[in-house]
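Note sheet for the following structure.
2 protein chains.
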Amino acid sequence: MIFGSTGSVGKSALDVLRAQRKQFKVHGLCAYRDIKTLSSQIEEFLPKYVCVVDEGQAQRLKERINTKVKILKGSPGLEEFSHLESDVSLMAISGISCLKPLFTNIQYTKRVALANKESIVAAGDFLFSHAKRHTTEIIPVDSEINALFQLFKMKDDHLHKVYLTASGGALSNCRKKSLKNIQAKDVLAHPTWRMGRRITVDSATLVNKGFEVVETHHFFDVPYENIDIILHRQSMIHALVEFKDKTLFACLYPPDMRIPISFALRYPLRVPHFQGIDFTKEFFLSFKPLNHAQYPLFQIVGEAAKRKDNALAILNACDEVAVDYFLKGKIKFTDLYRAMGYMFEHYPSKKIKSIEDVFYWDNWAREKIQQYLKTLC
Amino acid sequence: MIFGSTGSVGKSALDVLRAQRKQFKVHGLCAYRDIKTLSSQIEEFLPKYVCVVDEGQAQRLKERINTKVKILKGSPGLEEFSHLESDVSLMAISGISCLKPLFTNIQYTKRVALANKESIVAAGDFLFSHAKRHTTEIIPVDSEINALFQLFKMKDDHLHKVYLTASGGALSNCRKKSLKNIQAKDVLAHPTWRMGRRITVDSATLVNKGFEVVETHHFFDVPYENIDIILHRQSMIHALVEFKDKTLFACLYPPDMRIPISFALRYPLRVPHFQGIDFTKEFFLSFKPLNHAQYPLFQIVGEAAKRKDNALAILNACDEVAVDYFLKGKIKFTDLYRAMGYMFEHYPSKKIKSIEDVFYWDNWAREKIQQYLKTLC
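Residue numbers (the numbering used here), protein chains in the order written: chain A, 26 to 402; chain B, 26 to 402.
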């Protein structure tokens, strides 16, 4: 089952499956609205079910394809799709809209290959206890967290620190002054990874890295103060763990998402389909400390995480909305800082007691930040 | 028990023990002839036994110290010293002279922290089966092999390749033409590690790296064709393992031998006494393929290893003698290539059936290469 088959991770996953035809039968494909890509995926992988969340596009899909397939539509369709049973689900729906299908699907699959970080940021505790109750494995796809997952297999009691690497995004060499005039297209030129649009902006602000810190905390139960970020431009080392005796272990591979996706789908097997690091050529890896002052949103996410209240759910929603405004050219890049900073200072701090609370604060935050953003447009 | 306490590894080991006074009681110290260093080590660590292999120096040691300690002398003394019981022995005697005490001591200790590679190069099969019979652990101290030991804890069945890193030694930027005029002092200026004299020369010729390939094969049962070398100037990554899916794991720490020594002594514990990699400063790691043509002795060692006959025992002996000639200024640097090449072409290939065979061919090779070297002097 692939939730989000037409996005960047979904497409890479189908590349992986294409190379491992015999091992997998694609039971269902789900997309938001890109029916052009979806229909060719349907012809190739012949799933039993497809789901198109945008109802208008769902209607048009019917006319495009000849293959016999059950088409589910809209939110009710996504709900039904999430109830389908499978051995492995890849969760690659972007943003918080992944949370509900993920929460449901955990009950109907044996393993979730999880490529969505917003769900964990907003509802980590609930997801992991829910998965435990249903004995469903959650394996991280995100390259940094996937690297840690692999490194933690050698965990002993002497772990000292965890380092996540960050390429620094498209703007790491920009001076603060020039950030005002940054356009969406500048931000979308990521140096190493080709990814979706929001995550590429989140890479430039390091919100994405802040979310990975939260993921690390939830996946591996590492205290926040033992998680650090290193700027590493080449995105070849994805994470490092340091033991008390100062020995470090690093997990490396070329910036190719198919490698961690394949790992998450086939673990504990490892399948040889990809190009590794080419040691027949000279290359360099660079490491630089993070200049925290350059990334105010990273700091805000870090502080929010430590509060253990509704702050992360709120910030995640705000970021999704604000980035959308920026990508549409309605606000400046620096307005992302302003808007998130404003919300972080003015939200009512409440404990989150259920997954419904997550949805409540998510909605609340979307409304509030839109009101604020409109004053900036 | 420390075999070779006055050498570079022995001194680092005592640094480690100094920081962990409560965990260790030094039972015995053994040195070849540096009684000045040894006597201050005796005053500080108060061992029950010391051994000085050079008999003249052993006599003079008595006059230097006030501490009550049993002094063992010469080869018979070393033999007696090797029979002393202990929990851990550090084997840091240089060269093939380590083999006999190591072989004996394996029967009287629970763990050998092994910092001598010549023994494994010349007699790997015998040593490992001997250790197995006596259920004695052998833990490698050598940073590259130690890194692999740590990485292999996460071994699964999908191992594809092992990469050892090499700094390339002092001469990696020398052109072939200028090698003739290289002096001992040029070779001894190693870029990253401070080590003994022979191993520093062996780093420049990459004989040392060839020996590590042999160690890797014996320690971890990796076929020779799956072991590769990468030039990595900074000596921070010590080894890498690559799995079939092209994911790599690297083991990193600053070039400080106390880290792997402490690991080998305290494993599975990890003790926090050392400076780690400083991530608050910018740094680079470089990786370059090995130009095999530049290192003919590395190739010879590799070929010798695959023959599984007496070649490695012979080459090890020849290297020890030839490097000694070079360090004394009797032959040129390029004569190392000539002499080793000559011996490799002219030795009688025989199977090695016992540890006595190893000693026989070691002696044989020493005589033969001396005859040859005298023609070059």
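All C-beta atoms, glycine included, are put in the ideal place defined by N, C-alpha and C. Because the structure is a prediction, the values reported are computed rather than measured.
- Membership of E267 (chain B) in the beta strand (DSSP E) is indicated by the continuous run I262 to F268.
- Around the beta-carbon of A38 (chain A), 16 or more other beta-carbon atoms lie within 10 Å, marking it buried.
- In the assembly as shown, R223 (chain B) is a buried residue. Its beta-carbon has 16 or more other beta-carbons within 10 Å.
- Put simply, of B:A289, B:M220, B:Q319 and B:R136 the residue whose alpha carbon is nearest the alpha carbon of Y362 (chain B) is B:Q319.
- Chain B places no beta carbon closer than 8 Å to that of R43 (chain A), leaving this residue out of the contacts.
- Each of B:H242, B:P216, B:R295 and B:E250 was checked against the Cα of M261 (chain B), and the nearest Cα belongs to B:P216.
- The residue from A:I255, A:E240, A:R258 and A:Y133 with its alpha-carbon nearest to that of T160 (chain A) is A:Y133.
- Secondary structure in the segment 237-315 of chain B: the beta strand (DSSP E) runs of 3 residues or longer, each lying completely within the stretch, are 252-256, 262-268, 273-277 and 308-314 in chain order.
- For E169 (chain B), the CB contacts under 6 Å within the same chain, skipping 5 residues up- and downstream, are L189, E237, H263 and A264 in chain order.
- With a minimum length of 3 residues, the unbroken runs of beta strand (DSSP E) contained wholly in the segment 143-207 of chain A fall at 162-165 and 184-191.
- Residue state for C123 (chain A) is assigned as helix, using DSSP reduced to three classes.
- Taking one beta carbon from each stretch, the segment 246-257 of chain B and the segment 132-152 of chain B have fewer than 3 pairs nearer than 8 Å; the two do not touch.
- About 6 Å separates the beta carbon of L173 (chain B) from that of T241 (chain B), a gap short enough to meet the 8 Å contact definition.
- By a beta-carbon distance limit of 8 Å, K269 (chain A) does not contact H155 (chain A). Their separation comes to about 34 Å.
- Counting along the chain, no alpha helix (DSSP H) covers R219 (chain B), and no H or E run does either.
- The continuous alpha helix (DSSP H) containing D349 (chain B) extends over residues A336 to L352.
- Q259 (chain A) and S311 (chain B) have their C-alpha atoms some 12 Å from each other.
- Only exposed fits C402 (chain A), as fewer than 16 other CB atoms lie within 10 angstroms of its CB.
- By the criterion of at least three beta-carbon pairs nearer than 8 Å, the segment 362-379 of chain B is in contact with the segment 329-346 of chain B.
- Between the alpha carbons of P285 (chain A) and C276 (chain A) lies a gap of roughly 11 Å.
- Just so you know, the alpha carbons of R89 (chain B) and S64 (chain B) end up roughly 7 Å apart.
- DSSP places S111 (chain A) inside the beta strand (DSSP E), whose first and last residues are S111 to M116.
- Here the segment 340-348 of chain A makes contact with the segment 386-397 of chain A; the two share three or more CB pairs at distances below 8 Å.
- Interface annotation, H183 (chain B): in contact with chain A, CB-CB separation under 8 Å.
- Runs of the beta strand (DSSP E) lying entirely within the segment 39-103 of chain A and spanning at least 3 residues, in chain order: 53-56, 74-77 and 95-98.
- Within chain A, the C-beta atoms nearer than 8 Å to that of P314 (chain B) come from F304, T305, K306 and E307, in chain order.
- For E169 (chain B), no Cβ of chain A is located within less than 8 Å of the residue's own Cβ.
- In chain order, H52, G53, V94 and K95 place their CB closer than 8 Å to the CB of K73 (chain B), counting only its own chain and leaving out the 5 sequence neighbours on each side.
- When the alpha-carbon of S379 (chain B) is set against those of B:P293, B:N198, B:L124 and B:D303, the nearest one is in B:L124.
- Taking a C-beta cut-off of 9 Å against chain A, the contacting residues of the segment 264-291 of chain B are L265, E267, F268, K269, D270, K271, T272, L273, F274, A275, C276, L277, Y278, P279, D281, I284, P285, S287, F288 and R291, listed in chain order.
- Close CB contacts of A147 (chain A) within its chain, under the 7 Å cut and outside five residues either way in sequence, are with I121, L124, L337, A338, N341, V383 and D387 (chain order).
- When rounded, the separation of the alpha-carbon atoms in A138 (chain A) and A117 (chain A) is 9 Å.
- Scanning A:K271, A:L42, A:Q208 and A:L204 for the CA closest to the CA of H298 (chain A) turns up A:L42.
- Per DSSP, the continuous alpha helix (DSSP H) segment holding L401 (chain B) begins and ends at I380 to L401.
- With a cutoff of 8 Å on beta-carbon distance, Y292 (chain B) and K271 (chain A) are scored as not near each other.
- Counting along the chain, L139 (chain B) sits inside the beta strand (DSSP E) bounded by residues T134 to L139.
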